[in-house]
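Just so it is clear: in the sequence shown, position 412 is 412 by UniProt numbering, and no numbers are missing.
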Amino acid sequence: MADARLDTPLMPPSLRNLPDFKKSIKLKYVKLGYHYLITHGMYLFLSPIVVLTFAQISTFSLQDLYDLWEHLQYNLKKILERSGLGDSTYLPEAVLNIPPNPSMKEARKEAEAVMFGAIDELFMKTSVKPKDIGILIVNCSLFNPTPSLSAMIVNHYKLRGNIKSYNLGGMGCSAGLISIDLAKDLLQAHPNSYALVISMENITLNWYFGNDRSKLVSNCLFRMGGAAVLLSNKSCDRRRSKYRLITTVRTNKAADYKCFTCVTQEEDANGKIGVTLSKDLMAVAGDALKTNITTLGPLVLPTSEQLLFFATLVGKKLFKLKIKPYIPDFKLAFEHFCIHAGGRAVLDELEKNLQLSSWHMEPSRMTLYRFGNTSSSSLWYELAYTEAKGRIKKGDRTWQIAFGSGFKCNSAVWKALKTINPAKEKSPWMDEIHQFPVDVPRVSAI
């Protein structure tokens, strides 16, 4: 028997019958397959996305595609990027649905959600019963159904039969302070009463689906929101009240045609209804504010500021001196400012003209960023922000300024009757106030 050679390598039987892969022609095709996969992998990845996109587009009608092209042409993205609004604002379901389904039913649904939610919270916080309400004032500029919004509230809460009920419509973003002024007058005529004021706007039937640029701007600014405010002239409520209304000043410029037409609800060339914002809006607002503060100043400013203002006025009018009008320092009269969050341009102009600091403007800017332009209720979001930050101390004075179609500029002055403890307050800010303020860039990437 021959001995096995010691230099012969030992191979497992399972490997002796395997082909030589280095010489196999099939390996070439495997390498070629990997090459194609790596080279064209992006196309393979994008193919399902393209298929899904075309499937979605196939559900659009020709009119939908035309509208999409028109919206891109008018570059709403640029408007949104500069609006000062954040990503957490609210729109009703009817607008967000694909396709949108605005209807009277959906508009009532939105109104009920906003109004009843705010009123329920108010009754819970104040322990006031619905039957105790003697005066009801509701303001909503663009949605005026029949029965009215005030009738919806009376029906829902079964308010008493002799209630003094008012429904204000078409008065724009300044209607909230008009309601406060009306409530003040009614409370003076009806002692021992509660007045419930509801301020809101309705988006569902007032979202513009056309392509007129002057009307599309409102789509980029207006959002859902509402507030409920309880006023009382009962002496027993003084101890638990947070504020006392000092004065209200109303300015109406509707006699001037340019002022009257600067904010108008009208149809476009295709018959679609929207709200047109005129290019003269900023100039009109500035003129209305000037008239308003001329009336308000003597009521609230210290004597030194009034003398400086009067001396400048005399020099300009009587002696024809070429001097700039003196702008009183309203920071000497008020600790806090709640300026209607109508848009970034409005806030920038007010900050400049009234010489306010970023701290004074913070409630308005953060309200615009977090909730958008909620119309007449924005002032109450701003006051709630100031409270949530723990800034309201006993004796502090707050100036609320609102602008609205017509054109109107209204003011209300409140004095704090106690220091507000934010830990005991329930507000829209309570779960996220620690996140504010945030830096709002001039242009936000979308």
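Beta carbons are placed, not taken as given, at the ideal position from N, Cα and C, and that holds for glycine.
Practice task
Check whether the Cβ atoms of Arg238 and Glu335 sit closer than 8 Å, and answer yes or no.
Solution key: Residue 238 sits at position 238 when you count from the first residue of the sequence shown. Residue 335 sits at position 335 when you count from the first residue of the sequence shown. Against a cut-off of 8 Å, the Cβ pair of Glu335 and Arg238 comes out as no contact.
Exercise for the section: Could you spell out the range, first to last residue, of the beta strand (DSSP E) harbouring Leu245? Expected result: Taking the sequence shown and counting its residues from 1, the one referred to as residue 245 is at position 245. First-last of the beta strand (DSSP E) with Leu245: Tyr243 to Asn252.
Exercise for the section: Specify the secondary structure class of Glu81 as computed by DSSP and reduced to three states. Expected result: Here residue 81 refers to the residue found at position 81 of the sequence shown. Helix, per DSSP.
Practice task
Work out the CA separation of Asn206 and Cys140 for me, nearest whole Å.
Solution key: If you number the sequence shown from 1, residue 140 lands on position 140. If you number the sequence shown from 1, residue 206 lands on position 206. Approximately 12 Å, taken between the alpha carbons.
Exercise for the section: May I ask you to report which of helix, strand or coil DSSP gives Ala4? Expected result: The sequence position of residue 4 within the sequence shown is 4, counting from 1. Residue confidence is low: Ala4 scores 46 on pLDDT, short of 50, so the model does not pin down where it sits. Its coordinate-derived value is still stated next. Note: Ala4 maps to coil in three-state DSSP.
Handout entry: Complete runs of the alpha helix (DSSP H) confined to the region 147–231 [at least 4 residues]
Key = 149–157, 175–189 and 213–221
Exercise for the section: Assign Ala113 to one of three DSSP states: helix, strand, or coil. Expected result: Here residue 113 refers to the residue found at position 113 when the sequence shown is read from its first residue. Helix, per DSSP.
Exercise for the section: Express the C-alpha separation of Ala288 and Met115 in angstroms, rounding to a whole number. Expected result: Position 115 of the sequence shown, counted from the first residue, corresponds to residue 115. Position 288 of the sequence shown, counted from the first residue, corresponds to residue 288. Distance between the alpha carbons of Met115 and Ala288 is about 30 Å.
Problem - Proximal residues to Thr204 (C-beta, below 6 Å), its chain only, five neighbours per side dropped - result: In the sequence shown, residue 204 corresponds to position 204, counting from 1. Taken in chain order, the residues that qualify are Pro92, Ala94, Pro102, Glu106, Ala107 and Glu110.
Handout entry: Selection from Glu266, Ile198, Arg160 and Phe260 that minimises the alpha carbon distance to Phe209
Key = Counted from its first residue, the sequence shown places residue 209 at position 209. The candidate whose alpha carbon is nearest that of Phe209 is Glu266.
Problem - Under the three-state DSSP convention, the category residue 447 falls into - result: Beyond the ends of the chain as shown, which are 1 and 446, falls residue 447; an answer cannot be given.
Handout entry: Through-space distance from Tyr385 to Glu432, alpha-carbon basis
Key = Within the sequence shown, numbered from 1, the residue matching residue 432 stands at position 432. Within the sequence shown, numbered from 1, the residue matching residue 385 stands at position 385. Going by the C-alpha atoms only, they are around 10 Å apart.
Exercise for the section: Pull up the CB-CB distance for Ser377 and Leu277, whole angstroms please, since I reckon it's below 8 Å. Expected result: Mapped onto the sequence shown, residue 377 falls at position 377. Mapped onto the sequence shown, residue 277 falls at position 277. In fact, because the Cβ distance is near 19 Å, the residues do not count as touching under 8 Å.
Problem - For Arg160 and Lys129, believed in contact at Cβ under 8 Å, the rounded distance - result: Counting from one through the sequence shown, the residue named residue 129 turns up at place 129. Counting from one through the sequence shown, the residue named residue 160 turns up at place 160. So it is not a contact: roughly 10 Å between Cβ atoms.
Problem - Where Asn270 falls: helix, strand or coil (DSSP) - result: Along the sequence shown, one-based indexing puts residue 270 at 270. Coil, per DSSP.
Handout entry: With 16 other Cβ atoms within 10 Å as the buried cut-off, status of Ala263
Key = For this step, residue 263 is matched to residue 263 along the sequence shown. Per the sequence presented here, residue 263 reads as Val, with Ala not at that position. Under this definition Val263 is a buried residue.
Practice task
Using 10 angstroms around the beta-carbon of Met124, count the other beta-carbons present and answer buried if the total reaches 16, otherwise exposed.
Solution key: For this step, residue 124 is matched to residue 124 along the sequence shown. Label assigned to Met124: exposed.
Handout entry: Span separating the alpha-carbon of Leu186 from that of Ala412
Key = Residue mapping note: residue 186 aligns to position 186 of the sequence shown, counting from 1. Residue mapping note: residue 412 aligns to position 412 of the sequence shown, counting from 1. Distance between the alpha carbons of Leu186 and Ala412 is about 16 Å.
Practice task
Quickly, what does DSSP pair His360 with across the bridge? List them, please.
Solution key: Residue mapping note: residue 360 aligns to position 360 of the sequence shown, counting from 1. In DSSP, His360 forms no bridge with anything.
Exercise for the section: Look at the Cβ atom of Pro145, then the Cβ atom of Met104, and state whether they are nearer than 8 Å. Expected result: Position 145 of the sequence shown, counted from the start, is the residue given in the question as residue 145. Position 104 of the sequence shown, counted from the start, is the residue given in the question as residue 104. Going by C-beta atoms, Pro145 is nearer than 8 Å to Met104.
Handout entry: Residue nearest to Ser399 in terms of C-alpha spacing, selected from Lys415, Val138, Ala175 and Asn202
Key = Looking up residue 399 in the sequence shown gives position 399. The sequence shown places Trp at residue 399, rather than the Ser named in the question. Measuring from the Cα of Trp399, the nearest candidate turns out to be Lys415.
Exercise for the section: Check whether the region 402–411 touches the region 176–184, counting contact only when three or more Cβ pairs, one atom from each stretch, lie closer than 8 Å. Expected result: yes
Practice task
Would you identify the three-state DSSP class for Trp414, choosing helix, strand or coil?
Solution key: The residue given as residue 414 occupies position 414 in the sequence shown. Trp414: strand per DSSP, three-state reduction.
Handout entry: Beta-bridge partners of Gly56, as assigned by DSSP
Key = Position 56 of the sequence shown holds residue 56. Going by the sequence as given, residue 56 is Gln instead of Gly. None; Gln56 has no bridge partner.
Practice task
Give the DSSP-derived three-state secondary structure of Phe260 in the structure shown.
Solution key: Start at 1 with the first residue of the sequence shown, and residue 260 comes out as number 260. In this structure, Phe260 counts as helix in the three-state DSSP scheme.
Practice task
Assign Ser199 to one of two classes, buried (16 or more other C-beta atoms within 10 Å of its C-beta) or exposed (fewer than that).
Solution key: Numbered from 1 along the sequence shown, position 199 holds the residue referred to as residue 199. When all chains shown are included, Ser199 counts as buried.
Problem - Endpoints, the beta strand (DSSP E) within which Ile293 is located - result: Taking the sequence shown and counting its residues from 1, the one referred to as residue 293 is at position 293. Taken as a continuous stretch (DSSP letters only), Ile293 belongs to no beta strand (DSSP E), being part of the alpha helix (DSSP H) at Leu281 to Val300.
Practice task
My understanding is that Ile137 touches Tyr166, with C-beta atoms under 8 Å, so please give their C-beta distance in whole angstroms.
Solution key: The count along the sequence shown starts at 1 and reaches residue 137 at position 137. The count along the sequence shown starts at 1 and reaches residue 166 at position 166. Yes, Ile137 and Tyr166 are in contact; Cβ-Cβ is about 5 Å, under 8 Å.
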